[in-house]
Amino acid sequence: MPAKKIDSEESAAAHPASADVYIRHGWSLVPIPSGTKGPSAKGWNRKENALTSQASLPLGCGIGLAHAYSGTMALDIDDWFPASLTLATHGINLDALYAAPDAVIVDSGRAGHGKLLYAMPFGLILPSRKITNNGSTIYELRCGTANGFTVQDVLPPSIHPDTQQPYRWAGNGHWTRLPPIPGALLAVWTALIEQDRTRTIQTGEPLATSWEEVRSALWAISPDVDRETWIACGMALHWAGHQTQQVDAALTLWDEWSASSVTKYPGEREILTQWRSMRADKMTSRTLGTLFHHAREAGWVRAQPDAASLFGAVAGGDTQHPLLRFKSPISDNPTAPVFVVDGFICALLTVIAGMRGVGKTTLLLPLILVAAGICVPGCKVSARIRRKVIWVTEDIEQARRVVVSMRRSGISDTPEQWGEMLKLVPAVRIDIEAIVEVADAYSRMTTLNTSPSGGTYDAPPVVVFDTTNASIRVDNENDNAEIGKVVALLKERFTVKGIPVVLVGHTAKATYRADAEDLVMRGAGAWEADANQTAYVFMEKDSPDRFLRIGKNRFDASETELRFISTMTEIVMQNVLGELESVRVRHAVPTLMAPHERKLESRNRAEEAAQDGVVSYLQSVDWATRAMIKEVVRGNDKR
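According to our numbering, the sequence shown is numbered sequentially starting from 8.
See below:
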C-alpha cells in the first residue's frame, strides 16, 4: 500500500526569522549542520552546549529543538498507516490528533511522515522510545535519552537534506502555545518504560536483567570504540532481543547508541547488514555478559535491585511482610511536625475546599507563597522552612494577575526570584498514574535551609493542584475506592519523598459561616478521610473578607482560622487585540483570626445594621411606639 500523504493546514504564523525568538520563548536549541538532520559535535546533547543566541549559530546551520531542556516532546510518525493502526489499539486516533484545534505540526514535506509537538508535564523528562516492526520504525516518542541527556528535532526554517525544502509549521495551533501531551499517549509511553524495568532477560546468573539495565550499561560505553567491541555489543543486544522476542527493539537500541558516535557511525544500512548476519543460535553468539563486561571497564556499576521488587511477602519472614516491620515506640529524638505554612498547612497531604466563586486561587496563592519567602505587606503568617512552590492551575493568566497584584503591593523580589521560587504549570487532566511519574523530578527541586546552629535541610517543593477536577482524571468522583487510590498514590509517590501536596477542590454547596461546621468537599468522602489535613474556605455574610478554617489535622494549632483581607489594584494591561485597557487585579492578605473575634465582629455588624435600621425608620415616620421599633429591629419594617 502506498504511503498516505499527511495533509495539514499551514499555521497562520510563519516561522521566526531568528533563533532568538525560539530562545526567548524558553526553548533550548542545538545547531544542525547543513545537509543533515542531526548535530554531530561532541557533547551537543548537554544543556550547557545549547545555543545562547542567533549569533552563536554557525553559518549555514539549521536549528533543532532540545526537548529535554525545553519541556517538550515529539510524536514522530515514520510510517503513517501502521502507526495509525498501532496507536488505535491504545485508543489513540492519529487523524484526530492531526485535526485537533491546537495541533502543532512540523511538516517536512515527505508523504507518510509527520511530527506533532506537545508540552510535557512540568519537570518530566522521559527516555525516548521507538516502536518498530520488522526492523522499520513506525513511530517514535521523543524527549530524553537513557543517560539523562536530550534528543532533538529539526525546527523551521531549517532545510531538509532530502527534499532541499525548508521545514514549516503546520496544523491548527501555534508553536508558542504547545498543547499538553494527550493522557493516552503519555500512558503508552510510561507503560513502555515500566515494561523495560521488568527483569525478564535471563543471563545465566542468579539475577535476571531488564532492558532498562541493558540501556544503562550500553550507554556507559563510548560509541567510539573499536570495531570488534562495537560488533560484540551488537551481538549481545541481538541475543537479548531473541531471548525476549524484542528483536526490533534491540536493533533500534544498537542503532541509537551507534549513531551517537562523533566519527564512527557507519549508517543505518551497515547496521542492518551486520544485524542480519548475526545468529542467536550460534555457539559464537555473545550474551549480555559481554556487554556488561565492557560497561564495567568503562566505569559502569550494576545497581543493586530493591529486594521488594524481587521477592513477594514470605510467610514467617518477619522482615518481608510490611505489617511485620515493627518500630520502637520510644525515640530519643522525636521529630517536630514540618509545615508548609507554620501552624496552619502541614507538609503532608492537605485538602482545601471552598465554594465556587469564593476566590480560592486569589486567597491561597499568597498564603502558600509564604513558604517560598514571598510575603505581601500585612501578612501575619510565616514559614520557617523555605521551599519552592509548584502551582498546577487551569488558569495560568489568573495566577499571573494575582502575582501582578502582589508585586504592586510593595514586594521587592525580582522577576528572576519569582521564577525560581514559583513554578506555574498548566493543568492537564490525566490519570493519577501519569501524574506521579513527576515525583522523582520534583524531589530534586530542593531549597537549602540552614539554621543559625549549622543544621541544614533540603526542602522539596510544595505541589498545589488547583483544582483536583482540572488536574486528576477519574471516572467517578463519588467512588470512594477510586478516590482512595488517587490519594494513596499521591502519598506513596510524593509525601513519602517529603513533597507536600495541596489538593484544592469545591465544596458540595455554597457555604457561609453559619453552616461552616458542616463543610465537606464535593465528591467521595475519601478525599477528606484519607488526607492528612483538611481546611475550608468560606465567606461571612455582610463581610468583604474571606476565611479559612482548619478541619482535621495532626498537630495542635494555636489558631484554627485565618482571615483574608482583599487588596485590589488597577493596572494597565494589553488585551488580545494589542490595545491597552485598565484591569482590576487583586490578591488577599492572610491574617490571624481567632473564632471568637470573628463572632464578635459578626455580632457588632448585626447591631450596627439594627441601629441604622432604627434611625432610618425614625427619620421616615412622624411617631413610633416601642413595639413598632422592636419590629424594625427584628427585620419586620412595615412601612
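Think of the CB as a built atom: it goes at the ideal place given N, C-alpha and C, for glycine as much as any other residue.
All values derive from a computational prediction rather than experimental measurement.
Query                                                                                                                      : Result
Val358 and Ala378 closer than 8 Å at C-beta                                                                                : no
Supposed contact pair Asp160 and Gly71 - C-beta distance, whole angstroms, cut 8 Å                                         : 6 Å
Burial state of Pro134 (16 or more Cβ within 10 Å)                                                                         : buried
Assigned secondary structure, Val221 (DSSP; H/G/I helix, E/B strand, else coil)                                            : helix
Ile39 versus Gln281 - alpha carbon distance                                                                                : 28 Å
Cut-off 7 Å between Cβ atoms - residues of its own chain near Phe562, not counting five sequence neighbours on either side : Pro344, Cys353
Limits of the alpha helix (DSSP H) - the one that Pro168 falls within                                                      : Run containing Pro168: none; DSSP gives neither H nor E here.
Reduced DSSP secondary structure (H/G/I, E/B, other) of Lys430                                                             : strand
Minimum C-alpha distance to Ala477 - residue among Lys498, His301, Val503, Gly512                                          : Gly512
Residue of Glu277, Leu298, Gly178 minimising C-alpha distance to Asp109                                                    : Gly178
Beta carbon of Thr183 nearer than 8 Å to that of Arg415                                                                    : no
Assigned secondary structure, Ala448 (DSSP; H/G/I helix, E/B strand, else coil)                                            : helix
Where the alpha helix (DSSP H) containing His300 begins and where it ends                                                  : 295-304
Tyr174 beta carbon less than 8 Å from that of Asp114                                                                       : yes
Rounded C-alpha distance that separates Glu423 from Gly180                                                                 : 29 Å
Ser25 versus Ala57 - alpha carbon distance                                                                                 : 15 Å
Status (buried if at least 16 other CB within 10 Å, exposed otherwise) for Phe333                                          : exposed
Inter-stretch contact at 8 Å, needing at least 3 Cβ pairs: the stretch 467-475 / the stretch 361-373                       : yes
Straight-line gap, Met285 to Gly241 (C-alpha atoms, nearest Å)                                                             : 9 Å
Ser35 to Lys548 span [Cα, whole Å]                                                                                         : 52 Å
Under 8 Å between C-beta atoms of Arg283 and Phe299                                                                        : no
Residues near Gly505 in its chain [Cβ-Cβ closer than 6 Å; skip 5 each side]                                                : Pro467
N-terminal and C-terminal residue of the beta strand (DSSP E) that Glu568 is part of                                       : 568-581
Close-in-space but distant-in-sequence residues of the same chain around Ser268 (CB under 7 Å, 5 per side omitted)         : Pro230, Asp231
Buried/exposed call for Ile278, threshold 16 Cβ in 10 Å                                                                    : buried
Burial state of Asp83 (16 or more Cβ within 10 Å)                                                                          : buried
Limits of the beta strand (DSSP E) - the one that Asn456 falls within                                                      : 454-457
Straight-line Cα distance separating Asn483 from Gly324                                                                    : Low confidence applies to Gly324: its pLDDT is 40, below 50, so where it sits in the model is not reliable, and the reading given next is rough at best. Cα to Cα, Gly324 sits roughly 39 Å from Asn483.
Alpha-carbon to alpha-carbon, Ser47 and Leu199                                                                             : 28 Å
Check whether Thr294 and Trp264 have beta carbons under 8 Å apart                                                          : no
Helix, strand or coil at Ala314 according to DSSP, with G and I counted as helix                                           : Residue confidence for Ala314 is low, a pLDDT of 49 falling below 50, so the modelled location carries little weight and cannot support an answer.
C-alpha gap between Leu599 and Glu535, whole angstroms                                                                     : 24 Å
Sequence-distant residues of the same chain with beta carbon closer than 7 Å to Thr453, five excluded per side             : Asp465, Ala466, Pro467
The stretch 121-134 touching the stretch 427-447, judged by at least three CB pairs closer than 8 Å                        : yes
Contact set for Ala441: own chain, Cβ-Cβ below 8 Å, skip 5 residues either direction                                       : Pro128, Gly190, Leu193, Ala194, Thr197
Identity of the residues DSSP links to Leu133 by a beta bridge                                                             : In DSSP, Leu133 forms no bridge with anything.
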